[in-house]
Amino acid sequence: MDPWSEIEGKRAHDPIFQNYFSQNCRQSVDGFCKKRSADAAVARAERCIRVLGPIIVGAGPSGLAVAACLKEKGVDSLVLERSNCIASLWQLKTYDRLSLHLPRQFCELPLMPFPAYYPIYPSKQQFVAYLESYAARFGICPTYNRTVVCAEYDEQLQLWRVRTRATGIMGEEVEYVSRWLVVATGENAEVVLPEIDGLDDFKGTVMHTSSYKSGGAFAGKRVLVVGSGNSGMEVCLDLCNHNANPHIVVHILPREMLGQSTFGLSMWLLKWLPVHVVDRILLLIARTMLGDTAQLGLKRPTIGPLELKSLSGKTPVLDVGTFAKIKSGDIKVRPAIKQISGRQVEFMDTRLEEFDVIVLATGYKSNVPFWLKDRELFSEKDGLPRKAFPNGWKGENGLYSVGFTRRGLMGTSVDARRIAHDIEQQWKARGKHPDVHERGPSYALGG
Ligand SMILES: Cc1cc2nc3c(=O)[nH]c(=O)nc-3n(C[C@H](O)[C@H](O)[C@H](O)COP(=O)(O)OP(=O)(O)OC[C@H]3O[C@@H](n4cnc5c(N)ncnc54)[C@H](O)[C@@H]3O)c2cc1C
Numbered sequence: 002m003d004p005w006s007e008i009e010g011k012r013a014h015d016p017i018f019q020n021y022f023s024q025n026c027r028q029s030v031d032g033f034c035k036k037r038s039a040d041a042a043v044a045r046a047e048r049c050i051r052v053l054g055p056i057i058v059g060a061g062p063s064g065l066a067v068a069a070c071l072k073e074k075g076v077d078s079l080v081l082e083r084s085n086c087i088a089s090l091w092q093l094k095t096y097d098r099l100s101l102h103l104p105r106q107f108c109e110l111p112l113m114p115f116p117a118y119y120p121i122y123p124s125k126q127q128f129v130a131y132l133e134s135y136a137a138r139f140g141i142c143p144t145y146n147r148t149v150v151c152a153e154y155d156e157q158l159q160l161w162r163v164r165t166r167a168t169g170i171m172g173e174e175v176e177y178v179s180r181w182l183v184v185a186t187g188e189n190a191e192v193v194l195p196e197i198d199g200l201d202d203f204k205g206t207v208m209h210t211s212s213y214k215s216g217g218a219f220a221g222k223r224v225l226v227v228g229s230g231n232s233g234m235e236v237c238l239d240l241c242n243h244n245a246n247p248h249i250v251v252h253i254l255p256r257e258m259l260g261q262s263t264f265g266l267s268m269w270l271l272k273w274l275p276v277h278v279v280d281r282i283l284l285l286i287a288r289t290m291l292g293d294t295a296q297l298g299l300k301r302p303t304i305g306p307l308e309l310k311s312l313s314g315k316t317p318v319l320d321v322g323t324f325a326k327i328k329s330g331d332i333k334v335r336p337a338i339k340q341i342s343g344r345q346v347e348f349m350d351t352r353l354e355e356f357d358v359i360v361l362a363t364g365y366k367s368n369v370p371f372w373l374k375d376r377e378l379f380s381e382k383d384g385l386p387r388k389a390f391p392n393g394w395k396g397e398n399g400l401y402s403v404g405f406t407r408r409g410l411m412g413t414s415v416d417a418r419r420i421a422h423d424i425e426q427q428w429k430a431r432g433k434h435p436d437v438h439e440r441g442p443s444y445a446l447g448g
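See below:
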């Protein structure tokens with residue numbers, strides 16, 4: 002049974018919480034209720050639930066990793082997820098042909114390796130199956146269809162108040178309250194849409210890669226893929242039999258170099274050499290293997306792929322076969338778009354072409370600034386921790402961040418272990434000296 006539902010009850014029947022609230026935080030509750038009555042049109046029920054363990058927002062790999070590490074230390078947590086499944090990015094927003102971009106040893110979550118028979122680059126289906134059994138093994142049962150719309154630290158209560166809305170137009174509002182809040186909503190929470198003159202009035206279909214499943218749906222159509230990351234390149238490969246025209250590509254590296262994964266080789270070289278030297282080595286090998294990519298319209302930026310990743314978060318493209326299709330002319334490269342009119346796209350080199358479909362492979366961004374009312378740990382600008390890895394995992398007052406390291410699942414594992422250790426220390430200390438919060442069961446507001 003869920004640890005929080007066991008202790009859930011009506012606030013009206015909860016003398017400890019009633020007393021505590023009436024003496025200590027009348028103002029805060031009144032303010033909260035006023036705001037809620039203004040929102041009455043959308044809120045069918047209003048409940049507030051006290052959670053003894055940490056609240057984790059997001060049931061992606063990062064949220065699961067923290068919940069598992071905590072569980073191993075005997076600490077139950079509540080995982081809140083806006084969609085109806087774990088790893089919604091992987092299950093609902095990725096294309097069918099996706100495999101892990103990085104070799105499996107860099108993508109395992111703590112405490113449970115991939116099955117030994119998995120390939121070096123597990124498929125999306127294999128990765129999701131691994132995550133399903135990970136959640137089952139550690140007894141993680143997220144609360145689904147709960148979007149966190151606001152999370153705020155209440156100084157008087159010394160607790161985090163996490164307001165959620167059930168998915169759907171008339172979504173029920175529930176507030177969860179806890180001593181600890183773990184932000185695990187990911188670097189890829191919301192799609193990024195580019196501003197292109199005339200895009201809104203394009204007469205064909207416009208879609209983001211998050212809705213793209215397979216090239217089969219576009220047989221015979223002229224498709225323009227805008228964006229040059231791994232997703233854009235892979236979607237192009239999927240579409241290349243259907244006249245796809247990818248937009249400019251930034252860095253392209255072979256997925257394997259010198260008989261091992263490019264990522265593994267980079268990690269190994271970085272142990273001994275500075276980033277700019279490793280970049281030069283990678284580009285030298287890439288040039289030997291791929292030739293001069295500029296001749297095909299793929300101009301490289303002035304800084305190297307690893308430096309670019311650490312400065313801007315842009316992941317270098319690890320080629321899975323797209324480059325050969327560009328070389329053979331099956332995929333055509335175009336420069337940036339100047340403007341769109343009807344079905345016609347004008348490129349910066351003044352060329353005009355008609356398309357049926359535009360696929361925007363323009364990436365994702367964090368949504369933390371929209372709901373977290375704390376400006377210390379996360380930057381408002383990009384929704385990522387202000388301090389770079391490995392120092393961005395912990396904020397003030399029991400606030401934590403996991404999976405915002407720009408280092409993929411490897412960064413997630415490091416964060417998750419640290420967070421669980423930190424909370425465990427406090428959990429043990431508080432267990433010996435329980436305060437009023439821990440004696441009080443949860444409460445419900447007018448529900
Ligand atoms: C196509 C693609 C391929 C990738 N390949 C690799 C790879 O090979 N290796 C690697 O290390 N990384 C890879 N990544 C990066 C990958 O996104 C992360 O490694 C991994 O998914 C991060 O997990 P996460 O839990 O931090 O974020 P996510 O997987 O994005 O999970 C966050 C969860 O939070 C939920 N959420 C968001 N906002 C709210 C809210 N307000 N309230 C409630 N819930 C919310 C979301 O619905 C989601 O389920 C890839 C990414 C993409 C897009």
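Residue numbers (the numbering used here): 2 to 448. The beta-carbon is built from N, C-alpha and C at its ideal position, and this holds for glycine as well.
* To do: Kindly identify the DSSP beta-bridge partner or partners of Tyr154.
  => Trp161
* How about the stretch 176 to 191 and the stretch 322 to 331: do they share at least three Cβ pairs that are nearer than 8 Å? -> no
* Asked: With C-beta atoms as the reference, is Asn508 less than 9 Å away from Trp91?
  -> Limits of the chain in this structure are 2 at one end and 448 at the other, which puts residue 508 out of reach.
* Among the residues of its own chain, which have a CB less than 8 Å from the CB of Ala105, if the five just before and after it don't count? -> Here the sequence assigns Arg to residue 105, which means Ala is not the residue at that position. Hits under 8 Å: Phe115, Tyr119, Pro120, Ile121, Tyr122, Pro123.
* Would the beta-carbon of Met234 be found less than 8 Å away from any heavy atom of ligand 1? -> Result no, Cβ not under 8 Å from ligand 1.
* Asked: Would you say the beta carbon of Cys108 comes nearer than 8 Å to a heavy atom of ligand 1?
  -> yes
* **Contact under 9 Å by Cβ, Lys204 with Arg344** => Cβ distance < 9 Å, so Lys204 and Arg344 count as in contact.
* From Ile50, Gly64, Gly75, residue whose alpha carbon lies closest to that of Gln427 -> Gly75
* **Start and end residues, alpha helix (DSSP H) containing Ile197** => Unbroken run through Ile197: none, as it is neither H nor E.
* To do: Could you spell out where the alpha helix (DSSP H) holding Thr323 opens and where it closes?
  => 323 to 329
* Identify the continuous alpha helix (DSSP H) that holds Ser63 and give its terminal residues. => 62 to 73
* To do: Return yes when the C-beta of Gly61 is under 8 Å from any heavy atom of ligand 1, and no when it is not.
  => True, at least one ligand heavy atom lies under 8 Å from that Cβ.
* To do: Please look up how many angstroms separate the CB atoms of Val129 and Ala88, rounded, as I've assumed it's under 8 Å.
  => 6 Å
* From the DSSP output, read off the bridge partner residues of Val475. => Outside the modelled stretch of the chain, which goes from 2 to 448, sits residue 475, for which no answer is possible.
* Asked: Expressed to the nearest angstrom, what Euclidean distance is found between the alpha-carbon atoms of Thr351 and Lys333?
  -> Roughly 16 Å between the two C-alpha positions.
* Asked: Where do the N-terminal and C-terminal ends of the alpha helix (DSSP H) with Asp239 fall, by residue?
  -> Per DSSP, Asp239 belongs to the alpha helix (DSSP H) from 231 to 240.
* Inter-residue spacing [alpha-carbon to alpha-carbon] between Ala430 and Val52 -> 17 Å
* Asked: Taking the C-alpha atoms as reference points, what is the distance between Phe107 and Met411?
  -> Straight-line Cα distance between these residues: approximately 6 Å.
* Cβ of His209 within 8 Å of any heavy atom in ligand 1? -> For ligand 1, not one heavy atom lies less than 8 Å from the Cβ of His209.
* **For Thr206, the first and last residue of its enclosing beta strand (DSSP E)** => 206 to 209
* Asked: What first and last residue would you give for the beta strand (DSSP E) that runs through Ser134?
  -> Here Ser134 belongs to no beta strand (DSSP E); instead the alpha helix (DSSP H) covers 125 to 138.
* Asked: How close, in whole Å, do the beta carbons of Leu110 and Ala69 come, if the pair is a contact with beta carbons under 8 Å?
  -> 7 Å
* Could you say if the stretch 354 to 361 and the stretch 216 to 231 meet the contact criterion of at least three C-beta pairs nearer than 8 Å? => yes
* To do: Answer yes if the stretch 367 to 385 comes into contact with the stretch 227 to 243, meaning at least three C-beta pairs across the two stretches below 8 Å, and no otherwise.
  => no
* Asked: By DSSP, does Ile359 sit in helix, in strand, or in coil?
  -> strand
* To do: Note down the Cα distance separating Met349 from Gln340, rounded to an integer number of angstroms.
  => 9 Å
* Thinking C-alpha only, which one of Asn392, Tyr96, Arg376, Phe405 is nearest Ala218? -> Taking Ala218 as reference, the option from Asn392, Tyr96, Arg376, Phe405 with the minimal CA-CA separation is Tyr96.
* Measure the alpha-carbon distance for Leu378 versus Glu354 and round it to whole angstroms. => 46 Å
* **Identity of the residues DSSP links to Leu101 by a beta bridge** => None, per the DSSP bridge assignment.
* Asked: Any heavy atom of ligand 1 closer than 8 Å to the CB of Arg147?
  -> yes
* **Paired residues, beta bridge with Pro386 - DSSP** => In the DSSP assignment, the residues bridged to Pro386 are Phe379.
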